[in-house]
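A.B. asks: Numbering (the UniProt record's numbering), first residue to last: 1 to 354.
Glycine included, C-beta positions come from ideal geometry on N, C-alpha and C.
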Amino acid sequence: MDVLSTEDLIQAERVLYDHFFCYVKSMALSCAVHLGIPDAIHLRGGSATLSELIADTGLHASRLPYVQRLMNVLTISNVFTASYPPATGSPTTASLSSREEIVYKLTATSRLLVAGNKLMCGMSPIYAALLDQATSKSFFEMAYGCDRWEMTSKNAEDNSVFNEAMVADSQLVMEIILREAGGKIFSGINSLVDVGGGLGAASVAIARAFPRIKCSVLDLPQVVSQAPQGNGAVDFIPGDMFKFIPPADAVLLKWVLHCWSDDDCIKILRNCKAAIPAREDGGKVIIIDTVMGYGAQDTISKETRALYDLYMMYINGVERGENEWKKIFEQAGFTDYIIVPGLGMRSVIEVYPR
Numbered sequence: 001m002d003v004l005s006t007e008d009l010i011q012a013e014r015v016l017y018d019h020f021f022c023y024v025k026s027m028a029l030s031c032a033v034h035l036g037i038p039d040a041i042h043l044r045g046g047s048a049t050l051s052e053l054i055a056d057t058g059l060h061a062s063r064l065p066y067v068q069r070l071m072n073v074l075t076i077s078n079v080f081t082a083s084y085p086p087a088t089g090s091p092t093t094a095s096l097s098s099r100e101e102i103v104y105k106l107t108a109t110s111r112l113l114v115a116g117n118k119l120m121c122g123m124s125p126i127y128a129a130l131l132d133q134a135t136s137k138s139f140f141e142m143a144y145g146c147d148r149w150e151m152t153s154k155n156a157e158d159n160s161v162f163n164e165a166m167v168a169d170s171q172l173v174m175e176i177i178l179r180e181a182g183g184k185i186f187s188g189i190n191s192l193v194d195v196g197g198g199l200g201a202a203s204v205a206i207a208r209a210f211p212r213i214k215c216s217v218l219d220l221p222q223v224v225s226q227a228p229q230g231n232g233a234v235d236f237i238p239g240d241m242f243k244f245i246p247p248a249d250a251v252l253l254k255w256v257l258h259c260w261s262d263d264d265c266i267k268i269l270r271n272c273k274a275a276i277p278a279r280e281d282g283g284k285v286i287i288i289d290t291v292m293g294y295g296a297q298d299t300i301s302k303e304t305r306a307l308y309d310l311y312m313m314y315i316n317g318v319e320r321g322e323n324e325w326k327k328i329f330e331q332a333g334f335t336d337y338i339i340v341p342g343l344g345m346r347s348v349i350e351v352y353p354r
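Right, here's the structure in full:
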């Protein structure tokens, strides 16, 4: 079988994720209809700001960021249109205050959803969660009574399926990164700890490509217990990234921070900072995650990133734009960062301590 080019791998990943998240589009549309968003825009003469939508639908002000993410999906999907203030340019870089000034308008599609048309969709979990003003629980907690990570400790099958899914993702992503930017990103590193690294697929790929790098994986005990033993290339350490991260030249966080709130990310990054040396001694944190607004800008790519952002609401996760990442880095005590885009849905962010 012929080896796929990097471009082919990125395109294949993009298409598969777009298919996977297609159901999120129908959930988003269902949610908008049941919240009465088309009606609210119609009753305001065909256009409404985000803050006006919050007021007209009776939602609590704390739900504003969630509704903005919902509307981001539906504008990319051409259900609504959006006009952005000159200072923001797009929903991925807008601050919370400026997001309130985004003006949404009906399209021919959403005009059909105004009351009087019989095109109501089925209820969705997003709709129910948005209406629950009193809870800070994630959609996952509301459905299962525990958070996502508790589930992996309670349900062995879920733990296995989740870990194997992350292995498959790591193998694809690391193939692209090591081909295109590995020599630069991992230059000068002699030790690396892969925080939340699961069964170690990313670390194994790095160790094979750069045998000089001593790689270790830190993850929860129920994850490490399932890790392959005896390969000699990677050490597995059971632990909690919120409590302690073992020392190394570099810390790798692949698809970890998008699962957590800003405050939790700051805690994790502060522990990372404590684990690495100063920048002049080679210390850095390597983050593999989505940077909204970076990467391919075709419709499928933008839609897939927006859908994934909406999907991450199920565990109170979020995909961030550069300004949001920068704020977190600064609050965690880091002074500089470099974004390496062009790696499919995600980018590599190299973050440096003082």
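Which of the three DSSP states, helix, strand or coil, is assigned to R212?
C.D. replies: If DSSP states are grouped into helix, strand and coil, R212 belongs with coil.
A.B. asks: Whose C-alpha, out of T107, Y17, L113, is nearest the C-alpha of H34?
C.D. replies: Measuring from the Cα of H34, the nearest candidate turns out to be L113.
A.B. asks: So D249 packs on I276, CB below 8 Å; how close in whole Å?
C.D. replies: Between I276 and D249 the Cβ distance is about 7 Å, and since that is below 8 Å, they are a contact.
A.B. asks: Count the other CB atoms within 10 Å of the CB of M1; is the residue buried (16 or more) or exposed (fewer)?
C.D. replies: It counts as exposed.
A.B. asks: At what residues does the alpha helix (DSSP H) containing A32 begin and finish?
C.D. replies: 22-35 is the span of the alpha helix (DSSP H), which, as asked, contains A32.
A.B. asks: Given a cut-off of 7 Å on the beta-carbon distance, is the pair T75 and T107 in contact?
C.D. replies: No. Outside cutoff.
A.B. asks: Sort L199, A55, C31, F20 by Cα distance to R69 and report the nearest one.
C.D. replies: Per the Cα distances, C31.
A.B. asks: List the whole-angstrom C-beta distance separating G317 from G293, where the pair is believed to meet the contact cut-off of C-beta under 8 Å.
C.D. replies: Wrong, their Cβ atoms sit about 18 Å apart, outside the cutoff.
A.B. asks: Got a sec? Which residues, its chain only, sit under 7 Å from R212 by beta carbon, not counting five neighbours each side?
C.D. replies: Result list for R212: N190, in chain order.
A.B. asks: So what's P353 in DSSP terms, helix, strand or just coil?
C.D. replies: Here P353 sits in strand by DSSP.
A.B. asks: For N271, I'd like the list of residues in its chain whose CB is within less than 6 Å of its CB, leaving aside the five on either flank, ordered along the chain.
C.D. replies: These residues qualify, in order along the chain: I245.
A.B. asks: For S216 versus I237, is the C-beta distance shorter than 7 Å?
C.D. replies: A contact, by the Cβ cut-off of 7 Å.
A.B. asks: Are there any heavy atoms of the ligand ZN lying less than 6 Å away from the beta-carbon of L192, as far as the coordinates show?
C.D. replies: Absence of the ligand ZN is noted for the structure shown, with no ligands found whatsoever.
A.B. asks: Measuring alpha carbon to alpha carbon, tell me which residue in T49, V167, K326 is nearest T335.
C.D. replies: Ranking T49, V167, K326 by Cα distance to T335 puts K326 first.
A.B. asks: Expressed to the nearest angstrom, what Euclidean distance is found between the alpha-carbon atoms of I288 and L252?
C.D. replies: Roughly 8 Å separates the two Cα atoms.
A.B. asks: Quick one: what's L252 bridged to in DSSP?
C.D. replies: DSSP lists D194, I286 as partners of L252.
A.B. asks: The alpha helix (DSSP H) that contains residue 360, what's its start and end?
C.D. replies: Missing from the structure shown is residue 360; the chain here goes from 1 to 354 and no further.
A.B. asks: CB-CB under 6 Å to M174, same chain, minus the five flanking residues each way: which ones, in chain order?
C.D. replies: These residues qualify, in order along the chain: A202, A205.
A.B. asks: Per DSSP, which residues does S153 bridge with? Please list them.
C.D. replies: The partner list for S153 (beta bridge, DSSP) is empty, contrary to what the question assumes.
A.B. asks: Just verifying my parser: in three-state terms, what is the DSSP assignment at L64?
C.D. replies: Here L64 sits in helix by DSSP.
A.B. asks: Could you tell me the alpha carbon to alpha carbon distance between E303 and S77, rounded to whole angstroms?
C.D. replies: Roughly 7 Å between the two C-alpha positions.
A.B. asks: Alpha carbon to alpha carbon, how far is S95 from Q229?
C.D. replies: Annotation note: pLDDT 40 at S95 (below 50); position unreliable, no value reported.
A.B. asks: With distances taken from CA atoms, which of T152, R148, P38 is nearest P221?
C.D. replies: Nearest of T152, R148, P38 to P221, Cα basis: T152.
A.B. asks: Which of the three DSSP states is assigned to T81 in this structure?
C.D. replies: Strand at T81.
A.B. asks: My guess is that L199 and N163 are in contact by the Cβ rule of under 8 Å, so how many angstroms apart are they, rounded?
C.D. replies: Contact flag correct, Cβ pair sits at about 5 Å.
A.B. asks: Does the region 294-301 come close enough to the region 337-346 to have 3 or more Cβ pairs within less than 8 Å?
C.D. replies: These segments touch.
A.B. asks: Would you tell me roughly how many angstroms separate the C-alpha atoms of D232 and V291, rounded to the nearest one?
C.D. replies: According to the sequence as given, residue 232 is Gly; it is not Asp. Cα-Cα distance, rounded: 34 Å.
A.B. asks: Select from D263, K105, F186 the residue whose C-alpha is nearest the C-alpha of K284.
C.D. replies: Taking only the C-alpha atoms, the option nearest K284 is F186.
A.B. asks: Taking the DSSP output, what are the residues bridged to V103?
C.D. replies: In the DSSP output, where bridge partners are listed per residue, V103 has T49, S83.
A.B. asks: Going straight from the alpha carbon of L9 to that of D194, what length do you get?
C.D. replies: Near 24 Å, if we compare the C-alpha coordinates of D194 and L9.
A.B. asks: If you draw a straight line from the C-alpha of L178 to the C-alpha of Y17, how long is it?
C.D. replies: When rounded, the distance between both Cα atoms is 21 Å.
A.B. asks: With C-beta atoms as the reference, is F21 less than 7 Å away from L269?
C.D. replies: Taking 7 Å as the Cβ cut-off, F21 and L269 do not qualify as a contacting pair.
A.B. asks: Just curious, the beta strand (DSSP E) that G342 is in, first and last residue?
C.D. replies: Start and end: 334-343.
A.B. asks: Buried or exposed for I338, please, with buried defined as at least 16 other CB atoms from any protein chain shown within 10 angstroms of its CB.
C.D. replies: That one is exposed.
A.B. asks: Which residue's Cα is closest to the Cα of Q226: T109, G197, A207?
C.D. replies: Per the Cα distances, G197.
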